[in-house]
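Our numbering puts the first residue of the sequence shown at 2, with every later residue one more than the last. The beta carbon of each residue, even a glycine, is placed where N, CA and C say it ideally should be. Since the model is a prediction, treat every value here as computed from it, not as a measurement.
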Amino acid sequence: MPISSINPATGETLATYCELSAAALEQAVARASDAFREYREVPMAERARRMLRVADILEAERAEFGRMMTLEMGKPIAAARDEAVKCARACRYYAENAERMLEPEDVATDAKRSYVVYQPVGVVLAVMPWNFPFWQVFRFAAPALMAGNVALLKHASNVPQCALAIEQIFRRAGFEDGVFTSLLVGAEAVGRLLEDARVVAATLTGSEGAGRSVASIAGKNLKKTVLELGGSDPFIVMPSADLDTAILTAVKARTINSGQSCIAAKRFIIHEGIAGDFERGFVAGMAKLTVGDPLLESTAVGPLATPRILAELDEQVLKSVEAGARVLVGGARLEGAGNFYQPTVLTDIPRNSPAFAEELFGPVASLFRVASAAEAIALANDTSFGLASSVWTNDANERDRFIEEIQAGQVFINAMVASDPRLPFGGVKRSGYGRELAAFGLREFVNVKTVWIGS
Ligand code: NAP
């Protein structure tokens with residue numbers, strides 16, 4: 002089946018690629034496996050030198066890479082350029098810190114000497130989504146390669162140009178053939194790759210369905226996985242918060258990447274004492290956003306990445322309204338070319354509706370009112386997801402209670418949720434398991450080897 006790059010703002014096909022044949026896929030896996038034997042011997046300083054070169058390329062060519070991302074998946078252009086720069090930051094972070102994070106650690110025991118060493122594991126498969134087509138890949142690849150592993154990337158089928166560009170960046174920075182390989186294959190090839198003895202572990206960022214499939218095949222083959230899945234993050238605002246800042250941030254947090262982010266705020270849980278003011282400001286902010294051509298610097302919300310995502314979001318909103326939800330602004334797709342959806346706010350959301358229970362992957366906010374911190378926490382936790390959360394309060398006791406009781410991999414107080422190379426990133430419950438970034442991410446794909454020297 003061909004793999005196509007289609008501009009989501011216009012519907013125009015930009016490029017079409019043939020899927021890798023079975024023979025070409027076999028060659029790619031063999032090349033990666035061979036490359037690992039040599040690459041694991043490359044000294045840390047040399048790996049770091051190359052990773053810094055990757056960062057230089059990303060920064061120097063951020064305009065070109067940004068345009069590629071925008072044309073291929075519709076992200077507003079300024080955010081696309083920023084994404085390339087953020088990838089450079091992660092590469093620099095691991096180039097500068099990986100050696101220290103992977104240094105052998107002495108442990109005092111009854112042995113003459115005992116210590117722990119971290120060794121690379123081999124070929125790691127990364128199954129990645131289109132929504133941050135560079136960032137999702139680099140935040141896996143920078144630590145994986147610094148640890149001495151080699152990577153096979155199965156990127157989302159709608160971003161083949163980004164996938165090929167990323168492989169080229171690593172090659173140009175001096176990483177040998179086979180150290181980082183983009184495989185132009187569909188999702189059905191993933192099972193075969195996971196069953197291949199030369200592939201030792203996998204990481205997936207994507208939907209729950211894809212996560213289940215990868216985890217079960219990897220499980221049958223006793224291979225480690227890291228899963229970064231969906232989220233329906235709460236954004237809680239309490240009476241002591243700075244309301245103007247909370248409202249401005251709420252609009253941004255819901256519509257980042259045109260609403261297609263796992264850590265976008267999706268459920269706005271507002272204390273009834275300030276709910277009226279919050280609702281007015283938030284609805285006005287959502288209504289004011291410029292929706293349109295993502296290549297224009299002035300655009301805040303671009304198209305959704307594919308017609309399927311648009312159709313799914315449209316259906317979720319329609320079903321929620323049928324179930325009794327009320328539309329405060331938006332609530333429909335935009336007529337004409339491209340996968341555009343109006344920034345939308347829903348309220349009076351019944352439990353049995355998609356807006357209550359499912360992840361809405363687009364610019365649609367669900368607004369809830371609560372009477373207390375306890376009710377806010379109960380509603381925040383009343384979801385199958387547990388990725389991140391944002392809480393707005395200036396009451397120290399209340400803050401500590403939210404930090405303690407919210408079931409999520411991340412709690413941000415008086416700030417919008419964002420990933421940062423220096424801090425671990427990941428979820429609990431059905432948002433997945435394992436961590437990316439920081440030392441935690443680096444150590445997901447290493448053999449933590451215990452050494453005991455008796456005499
Ligand atoms: P998706 O369909 O799961 O696609 C993600 C990747 O998985 C793509 O490469 C896709 O390949 C592949 N894939 C799909 N089905 C598969 C299967 N059965 N077995 C193996 N691989 C499979 O995800 P999406 O709906 O496009 O992306 C949005 C989802 O990703 C949302 O739920 C979002 O919250 C989540 N996400 C999570 C994070 C996080 O860090 N937690 C970050 C970003 C996004 P094809 O493209 O070829 O189908």
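Point to revise | Proximity test, I7 beta-carbon vs ligand 1 heavy atom, cut-off 8 angstroms | key: no
Check your understanding: For K225, which option in V330, I237, P44, G123 has the closest C-alpha, if you only look at C-alpha atoms?
Key -> G123
**Study point:** Coil, strand or helix - V322 by DSSP
**Key:** helix
Practice item. On the DSSP bridge assignment, give the partners of K225 in chain order. Key: A202
Point to revise | DSSP state of K1 mapped onto helix, strand, coil | key: Outside the shown range of the chain (2 to 456) lies residue 1, about which nothing can therefore be said.
**Study point:** In DSSP terms, what E437 is bridged to
**Key:** F426
Review point. Excluding the five sequence neighbours on either side, which residues of its own chain have a C-beta within less than 8 angstroms of the C-beta of T17, listed in chain order?
Key: P3, I4, S5, S6
Point to revise | V200 versus F66 - alpha carbon distance | key: 29 angstroms
Check your understanding: If you measure from the CB of A301, is any heavy atom of ligand 2 nearer than 8 angstroms?
Key -> In the structure on display, ligand 2 does not appear, and the ligands it does have are ligand 1.
Check your understanding: Checking contacts by CB at 9 angstroms: is L230 closer than that to chain C?
Key -> Judged by its chain identifiers, the structure shown contains no chain C, having just a single protein chain.
Point to revise | Runs of alpha helix (DSSP H) wholly within the segment 350-379 (minimum 4 residues, chain order) | key: 355-358
Exercise for review: Please state whether DSSP places F141 in a helix, a strand or coil.
Suggested key: helix
Check your understanding: I407 bridges to which residues according to DSSP?
Key -> Paired residue(s): none; I407 is not in a bridge.
**Study point:** Own chain, CB closer than 8 angstroms to I58, minus 5 neighbours either side, in chain order
**Key:** I170, R173, A174
**Study point:** Boundaries (first-last residue) of the alpha helix (DSSP H) holding K253
**Key:** 244-256
Check your understanding: So does the segment 186-200 actually touch the segment 394-408, counting three or more Cβ pairs closer than 8 angstroms?
Key -> no
Point to revise | C-alpha gap between A36 and E62, whole angstroms | key: 27 angstroms
Exercise for review: Could you tell me which residues DSSP puts in a beta bridge with D234?
Suggested key: A266
**Study point:** Sub-9 angstroms separation of K76 and G303 beta-carbons
**Key:** yes
Review point. Contact check, N159 vs A338 under 8 angstroms by CB: the rounded distance?
Key: Not really, about 17 angstroms apart at Cβ, beyond 8 angstroms.
Review point. N150 and A440: beta carbons closer than 9 angstroms?
Key: no
Review point. Exposed or buried, which one is R101 when buried takes at least 16 other CB atoms within 10 Å?
Key: exposed
**Study point:** Sheet register partners of F181 (DSSP bridge)
**Key:** A152
Check your understanding: The beta strand (DSSP E) spanning Y116 covers which residue range?
Key -> 114-121
Check your understanding: How should R255 be labelled, buried or exposed, when 16 other C-beta atoms within 10 angstroms of its C-beta is the threshold for buried?
Key -> buried
Review point. Hey, quick one: how far does the alpha helix (DSSP H) through V449 stretch, first residue to last?
Key: Looking at the DSSP string, V449 is not in any alpha helix (DSSP H); the run it does join, the beta strand (DSSP E), is 447-454.
Practice item. Report yes if the C-beta distance between L380 and V318 is below 9 angstroms; otherwise report no. Key: no
**Study point:** Whole-angstrom distance between L194 and E20, CA atom to CA atom
**Key:** 15 angstroms
Practice item. With distances taken Cα to Cα, identify the nearest neighbour of E298 among T71, Y40, R41, R50. Key: T71
Point to revise | Span of the alpha helix (DSSP H) around S390 | key: That residue, S390, is in no alpha helix (DSSP H); its beta strand (DSSP E) goes 389-393.
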